[in-house]
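One structure is given here, and the rest of the page talks about it.
Laid out in structure tokens, this is it:
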């Protein structure tokens, strides 16, 4: 069976083109800027920003000419320009579809942990959105867990579904958030990525389609590609430009769900990584209804869900809006507590929990008991104290970082999130890969935006964590500005999309 291919209609493309700036008109003249050149530049920008996904079938020349009130010659010349630059592929009888230039090099990957040679801590890490541990709460919880450990040491120490006390704590927290949950619906895992891996391995087969937000979390996109899933990106919608938080474009989601019938839908509705978006209940409910009609399982990543540091109005979990039990929810202790505690969880129907627990025996067997006991303490009686500590820290760090970025890089644009740990920055056309390379010279690790695109888009973006300590914010912004100057000098004249995610 042939793979599904997204198609954009002439009116939809016209709307996107209008959103990028002044639309080309027949009155454009060579003395100013040829209309075909303006059109080609706008399409290339849409591809680079991920608003026009790679692989999208473009309208026929005659239809697009009518929608834009341009001559067919203008459209044909623009298409030919895009083909010559590598942004459009065409085949006789099959039409034309968007692409990225061949021969691009992979972006610098700043999402891996710091290299061991930074023993003096001189490198500022903008690749990891991960906070320091809450002290002294962590030390106190670890001491308490060590006292409890001998009782657990009397047995074999393997708990495929998790230590009962932690399952109860996680189930109770779901219930408090508006989603009644029992411990038999909870599976404790070795971090959120382990949870996502278990779900993916259980529910997907090679070649299955997975609909994902565009952009989305880089590590999950990579894991899905390595599993040979077929990613179907759905662009996020920014109704008022890059300085407004995005939302879901439900028209696009309906089109993808009906056209592609994906086996799985992967979503981050709570303080999205990387954009920071928070999706309201109405959109959540409508997307679930659309997924239900085609039988897609919805995998919800709630890693950031408890981190609403700028708002008290938090939607209920998506699974609370789902009457068909089609939602599988993944959560983690690493963002709220500490990345060194590799503890995550899955909330699903009891039958799926049992199935996943049986499946994990062949991988990690179970999550370390001591880590689970520490998390049970911190997520139990200490939860309010721990959460308030984390939110206060994020408020302070964000209040220092955002003004510093605006001072040092006034031409860059971003939307201010109200929660989570990530900031998605439009670099005004500067290559994210170039910034990553230049950051090495400036003592800075930078996560290029193309890593967060299912198809290598978002080259003109970077992700910056909101976990930069307040006392380091000015220095981080200054180094980022230095990296920008280096990248501007070394990459001047390069096309806006130059790298592919791997």
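In this note's numbering, the protein residues as written are 110 to 611. Using N, Cα and C, we set each Cβ at its ideal position, and we do this for glycine too. As the structure is a prediction and not an experimental result, all values here were calculated from the model.
Boundaries around residue 492 are those of the alpha helix (DSSP H), 492-517, since no beta strand (DSSP E) includes it. Three or more Cβ pairs closer than 8 Å define a contact, and the segment 482-494 falls short of that threshold against the segment 549-561. Here DSSP, grouped into helix, strand and coil, assigns residue 567 to coil. Distance from the CA atom of residue 466 to the CA atom of residue 425, rounded to whole angstroms, is 27 Å.
Counting of Cβ neighbours within 10 angstroms places residue 580 among the exposed residues, the total staying below 16. Here residue 389 is exposed, its C-beta having fewer than 16 other C-beta atoms within 10 Å.
The DSSP assignment places no complete alpha helix (DSSP H) segment of no fewer than 4 residues inside the segment 392-418. Rounded to whole angstroms, the separation of the alpha carbons of residue 423 and residue 375 is 20 Å.
Residue environment analysis places residue 348 among the exposed positions, since fewer than 16 neighbouring C-beta atoms fall within 10 angstroms of its C-beta. By the beta-carbon neighbour count (other beta carbons within 10 angstroms, threshold 16), residue 512 is exposed.
Using a 10 angstroms sphere on the CB of residue 182, the tally of other CB atoms stays under 16, which defines it as exposed. In the DSSP annotation of this structure, the continuous segment of the alpha helix (DSSP H) that includes residue 330 starts and ends at 327-335.
Between residue 187 and residue 148 a beta carbon distance of about 4 Å is seen, short of the 8 Å cut, so the two are scored as contacting. Here the C-alpha atom of residue 351 lies approximately 19 Å from the C-alpha atom of residue 361. A residue is called buried when at least 16 other Cβ atoms come within 10 angstroms of its Cβ; residue 244 does not meet this threshold and is exposed.
In the DSSP annotation of this structure, the continuous segment of the beta strand (DSSP E) that includes residue 322 starts and ends at 318-323. Sorting 441, 294, 497, 364 by C-alpha distance to the C-alpha of residue 421 places 497 at the top. In summary, residue 304 is buried, with 16 or more beta-carbon neighbours lying within 10 Å of its beta-carbon over all protein chains present. Rounded to the nearest whole angstrom, the CA to CA distance from residue 366 to residue 401 is 10 Å.
Looking at the backbone, the Cα of residue 509 and that of residue 554 are separated by about 19 Å.
Per DSSP, residue 368 is one residue of the alpha helix (DSSP H) stretching across 359-369. Here residue 261 carries a helix assignment [DSSP, helix/strand/coil].
Under a 10 Å Cβ-count criterion, residue 599 is classified as exposed, with fewer than 16 other Cβ atoms of the shown protein chains found around its own Cβ. Out of 589, 178, 412, 145, the CA that lies nearest to the CA of residue 518 is found in 589.
At a Cβ-Cβ threshold of 8 Å, residue 323 and residue 377 do not count as neighbours. Counting only the Cα atoms, residue 195 lies some 40 Å from residue 240. Scanning its chain for C-beta atoms nearer than 8 Å, with the 5 sequence neighbours on each side dropped, one finds around residue 168 the residues 117, 118, 119, 122, 176, in chain order.
When only Cα atoms are considered, residue 274 and residue 124 end up about 53 Å apart. Following the DSSP letters along the chain, one finds residue 554 inside the beta strand (DSSP E) bounded by residues 553-557.
Taking a 10 Å sphere around the C-beta of residue 156, we find 16 or more other C-beta atoms and assign the residue as buried. Apart from sequence neighbours up to five positions away, the residues of its chain that approach residue 300 with a beta-carbon distance below 8 Å are 441, 443, 451, 452, 453, ordered along the chain. By the CB criterion at 8 Å, residue 296 and residue 271 fall inside the cutoff. Residue burial annotation: residue 287 is exposed, with fewer than 16 other C-beta atoms found within 10 angstroms of its C-beta.
Contact annotation: residue 586 and residue 525 have beta-carbon atoms that are not nearer than 8 Å. Inclusion of residue 246 and residue 415 in the CB contact set at 8 Å is not warranted, their separation being larger than that value.
One alpha carbon belongs to residue 502, the other to residue 575, and they sit about 10 Å apart.
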